[in-house]
Amino acid sequence: MGTIWVIVIALITLLAGVALGFFIARKYMMNYLKKNPPINEQMLRTLMMQMGQKPSQKKINQMMRAMNNQQQQK
2 MGTIWVIVIA LITLLAGVAL GFFIARKYMM NYLKKNPPIN EQMLRTLMMQ MGQKPSQKKI
62 NQMMRAMNNQ QQQK
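The sequence shown runs 2 to 75 under our numbering.
This is the structure we're talking about:
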């Protein structure tokens, strides 16, 4: 009877640890991506030039704003 309780408690703590670890890792990654966005203005400008477009600052600002809005909706 005692070993059943040990197994049950071990499973509960294992599940709690997995859930807690998931939420901590998720929060850390969200903060990391907020501080270090994957695409910045220079990368966007280079990408547009490679596609054959002459990027204006207005267009780059517009695209960055659209990407930030899309990221915040998630």
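Just so it is clear, CB atoms sit at the ideal spot from N, CA and C, and this is done for glycine as well.
All of these numbers come straight from a predicted model, not from anything done at the bench.
In this structure, Ile25 keeps its C-beta atom at 8 Å or more from the C-beta atom of Glu42. Spanning the alpha carbons of Asn32 and Leu45 requires a straight line of approximately 22 Å. Nearest to Gln72 by C-alpha distance, out of Met50, Pro39 and Gly53, is Pro39. For Met49 against Pro56, the beta-carbon gap comes to about 4 Å, under 8 Å, which counts as contact.
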